[in-house]
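K.L.:
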Amino acid sequence: MKLRYSLLFKRYSSSKPLYITTPIFYVNAAPHIGHLYSMLIADTRSRWERLNPSRSAYMLTGTDEHGLKIQNTAEKLGIEPKELVDKVSTNFKSLASQLNIKYDRFIRTTDLDHVEVAQHFWNLMMEKGYIYKGTHSGWYCISDETFYPESSIEEVEKDGKIIKISVESRNEVVYETETNYFFKLSSFQKDLIEVLKQKPYFIKPNHRYKFILNELMTSELPDLSVSRPSSRLKWGIEVPNDSSQKIYVWFDALLNYLTATGFPKRFKQDGTGFITPENNPWPATHVIGKDIIRFHCIYWPIFLMAAEIELPKQVIVHSHWLCEGFKMSKSLGNVVDPMELSEYYGVDPVRFFLTENSNIDDDCKFSEALLQRSRDALVGKYCNLLSRIGGKSFDIAQAVKQANSGEFEKIDELINQYSLKKENIDSVLQLSKELQENLNNSYQEMNEKFTNFDYIRAIQVWWKAINQANQLFQMAEPWLYVSAIRDSQVSEETAHQYQLLVNYFVYLCSETIRIMSILIQPVMPHLSDQILTRLNVIPERRNCGFTKVGADLDYGEDANSTSYKPPLQKIKSRV
1 MKLRYSLLFK RYSSSKPLYI TTPIFYVNAA PHIGHLYSML IADTRSRWER
51 LNPSRSAYML TGTDEHGLKI QNTAEKLGIE PKELVDKVST NFKSLASQLN
101 IKYDRFIRTT DLDHVEVAQH FWNLMMEKGY IYKGTHSGWY CISDETFYPE
151 SSIEEVEKDG KIIKISVESR NEVVYETETN YFFKLSSFQK DLIEVLKQKP
201 YFIKPNHRYK FILNELMTSE LPDLSVSRPS SRLKWGIEVP NDSSQKIYVW
251 FDALLNYLTA TGFPKRFKQD GTGFITPENN PWPATHVIGK DIIRFHCIYW
301 PIFLMAAEIE LPKQVIVHSH WLCEGFKMSK SLGNVVDPME LSEYYGVDPV
351 RFFLTENSNI DDDCKFSEAL LQRSRDALVG KYCNLLSRIG GKSFDIAQAV
401 KQANSGEFEK IDELINQYSL KKENIDSVLQ LSKELQENLN NSYQEMNEKF
451 TNFDYIRAIQ VWWKAINQAN QLFQMAEPWL YVSAIRDSQV SEETAHQYQL
501 LVNYFVYLCS ETIRIMSILI QPVMPHLSDQ ILTRLNVIPE RRNCGFTKVG
551 ADLDYGEDAN STSYKPPLQK IKSRV
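Using UniProt numbering, read the sequence shown as starting at 1 and increasing by one per residue.
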């Protein structure tokens, strides 16, 4: 058994792309904010990876299109299941398109290459002796497309009736007996425990890891039903060499992560199983919701161990969004439509709000009032800083040129000698020093946070520099020097020194906007592009190699043109 779990510890070459996936979304309902959240976590991480020109990323999302729920819905509508999924899957593509989710492939489990992979993998498991036919009785949940053990069932009252539900999903279950195929899940329980003990960061956050490990160590894994009788489930991938059975939806669905990597053709085989070449993105980092943790953290790694394929790098398990303290549901009428939300508040403000509040450890709180507050902060602090230094009283291009020519080398002396607010000198000097230090460290600090999916703290690092630049501008009051020069209140020499001070403060603020706009591109790609374009920062200098003060000293031309409108306009709250 050591061979199986040793596959987890392959050394991954730094040249391999980051392969990040969302769950494939079930097409029985319209997209909601939870779907967008999974997409956004993956998209932001993928874009962050690409911020480094020496790195690459491959993002996968898509739809899960087989199963009894799809079959039943299609029957009620009087249409074929394929017609239904063709129509509904486009809703998720539209969500990704509208919210600027940059995926590399949108996979569908009805895609021909996926059907071929599912049947190939089935045959592989049959050859290895891990699938057998038997009779199964248990509590089956149509909504979740899975059987649950007795220990995961409880009785509740609903509409005056006592029903049984799954403890995990809270969906109703019914007792069923049927003949189907089983996967020998129980044979790999000890292996998976060993894997998790040796790699506690395999599941993030840690309390999810502890939950799965505890479950594996305290209860025996039953063998898993991996097919359904064709008499009941007509809409599914046919079991090879047995038309009386269809492949169980989760056994089919989880394999999508391999399909997108070209399995098995783009994998190599040796005495230790399947090996992925350098140009193959596998193994993956999976982003999932907490309600499907069992499938991705127990079933999926066991399937891979059985096939002797490298296990995923990591499974990121995020929590839900709560609206007014409750999980969003149709019955409560508190489901948030992300498409409608972005149409009113704007795509990037919605992306920013969800990222700024992305706490994967716990459930996140959603309200339009909080979204409005977040958007107002972007307008008032980030965009307004650009508007202030981009006004007709200042000249960003001239400030950058003076930095390039070294005219700010003795700026501390000038501040001490020519400051109009003597009481602010020490504070201005200290703040300008701290701002530059923070700007120079921001990429490294944000990189550590983003790569660990700690998005809240990454955004806090970003805000710190933005707030410091606003504070410096307010404290230095460069407009006072402009007024003094304009009104001819000072000598020519003093006017020259005053202008140098003005341009220095404008330069520090423009560097803040330039660097922070580069770093916020993965979160707000459109707004950051607008701002960098106004600053005339060329596309080749919008990566992590240009995120230190003075890294780009050739920008700013026409940035103070009066033709520009604010990149983000104020709007009234809907609530």
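The beta carbon of each residue, even a glycine, is placed where N, CA and C say it ideally should be.
To the nearest angstrom, report how far apart T512 and E493 are at their CA atoms.
P.N.:
Here residue 512 refers to the residue found at position 512 of the sequence shown. Here residue 493 refers to the residue found at position 493 of the sequence shown. Near 29 Å, if we compare the C-alpha coordinates of E493 and T512.
K.L.:
Is the Cβ-Cβ distance between C509 and L472 less than 9 Å?
P.N.:
In the sequence shown, residue 509 corresponds to position 509, counting from 1. In the sequence shown, residue 472 corresponds to position 472, counting from 1. Their beta carbons are under 9 Å apart, which means C509 touches L472 by this criterion.
K.L.:
How about the segment 461-471 and the segment 515-535: do they share at least three Cβ pairs that are nearer than 8 Å?
P.N.:
Short answer: they touch.
K.L.:
Could you check which residue in I298, K199 and F147 has the C-alpha nearest to that of T177?
P.N.:
Looking up residue 177 in the sequence shown gives position 177. Nearest option by C-alpha distance: F147.
K.L.:
Which class does H318 belong to by DSSP, given the choice of helix, strand or coil?
P.N.:
Taking the first residue of the sequence shown as 1, we reach residue 318 at position 318. H318: strand per DSSP, three-state reduction.
K.L.:
Using C-beta distances below 8 Å, list every residue in its chain close to V347, excluding the 5 sequence neighbours before and after it, in chain order.
P.N.:
As a working mapping, residue 347 is identified with position 347 in the sequence shown. Result list for V347: Q98, L99, N100 and H526, in chain order.
K.L.:
Starting from I107, trace the beta strand (DSSP E) in both directions and tell me its first and last residue.
P.N.:
Counting from one through the sequence shown, the residue named residue 107 turns up at place 107. R105 to R108 is the extent of the beta strand (DSSP E) around I107.
K.L.:
Sorted by chain position, which residues of the same chain lie with C-beta nearer than 6 Å to F546's C-beta, five sequence neighbours on each side aside?
P.N.:
Against the sequence shown, residue 546 aligns to sequence position 546. The residues are D552.
K.L.:
Exposed or buried, G390, counting other C-beta atoms within 10 Å across all chains shown (16 or more means buried)?
P.N.:
Counting from one through the sequence shown, the residue named residue 390 turns up at place 390. Classification for G390: buried.
K.L.:
For N241, which of helix, strand or coil comes out of DSSP?
P.N.:
In the sequence shown, the residue the question calls residue 241 occupies position 241. It is coil, neither helix nor strand.
K.L.:
Would you call T158 buried or exposed, if buried means 16 or more other Cβ atoms sit within 10 Å of its Cβ?
P.N.:
Residue mapping note: residue 158 aligns to position 158 of the sequence shown, counting from 1. One point to set straight first is that residue 158 is Lys, not Thr, in the sequence displayed. Burial call: exposed.
K.L.:
When every heavy atom of the ligand FAD is checked, does at least one fall within less than 8 Å of the C-beta of V315?
P.N.:
Among the components modelled here there is no ligand, and therefore nothing to report on the ligand FAD.
K.L.:
Going by beta carbon distance, what residues of the same chain come within less than 7 Å of M217, once the five residues before and after it are set aside?
P.N.:
Stepping through the sequence shown from its first residue, residue 217 is reached at position 217. Once the five neighbours on either side are set aside, the close Cβ partners of M217 are I193.
K.L.:
Quick one: Cα of S143 to Cα of I70, how far?
P.N.:
Sequence index remark: in the sequence shown, residue 143 carries index 143 (1-based). Sequence index remark: in the sequence shown, residue 70 carries index 70 (1-based). About 10 Å.
K.L.:
Which one or two residues does DSSP pair with S166 in a beta bridge?
P.N.:
Position 166 of the sequence shown, counting from 1, holds the residue named residue 166. S166 pairs with I153.
K.L.:
Counting pairs of beta carbons, one from the segment 370-386 and one from the segment 339-355, are three or more of them closer than 8 Å?
P.N.:
Contact between the segment 370-386 and the segment 339-355 is present, because at least three Cβ pairs lie under 8 Å.
K.L.:
I need the straight-line Cα distance from E154 to Y344, nearest angstrom please.
P.N.:
If you number the sequence shown from 1, residue 154 lands on position 154. If you number the sequence shown from 1, residue 344 lands on position 344. Their backbone Cα atoms lie some 42 Å apart in a straight line.
K.L.:
Please give the ranges of any beta strand (DSSP E) in the segment 348-399, keeping only runs that are unbroken, at least 3 residues long and fully inside the region.
P.N.:
Whole beta strand (DSSP E) segments, 3+ residues: 364-366.
K.L.:
Of the choices S358, C383, K128 and N256, whose alpha-carbon is the least far from that of T61?
P.N.:
For the purposes of this step, residue 61 is taken as residue 61 along the sequence shown, with counting starting at 1. Closest by alpha carbon: N256.
K.L.:
Using only CA atoms, which one of K570, M39, V167 and H66 lies nearest to F106?
P.N.:
Start at 1 with the first residue of the sequence shown, and residue 106 comes out as number 106. That would be M39, whose Cα lies nearest to the Cα of F106.
K.L.:
Where does V482 fall in DSSP's three states?
P.N.:
The count along the sequence shown starts at 1 and reaches residue 482 at position 482. Three-state result, V482: helix.
K.L.:
Once the 5 residues before and after S230 are set aside, which same chain residues still bring their CB inside 7 Å of it?
P.N.:
By one-based count along the sequence shown, residue 230 stands at place 230. The residues are S243, S244, Q245 and K246.
K.L.:
Would S432 be called buried (16 or more neighbouring beta carbons within 10 Å of its own) or exposed?
P.N.:
Within the sequence shown, the letter at position 432 stands for residue 432. Buried is the call here.
K.L.:
When DSSP labels each residue in this structure, what does G134 get in the three-state scheme?
P.N.:
Residue numbering aside, residue 134 sits at position 134 when the sequence shown is read from its first letter. Residue state, collapsed to three classes: strand.
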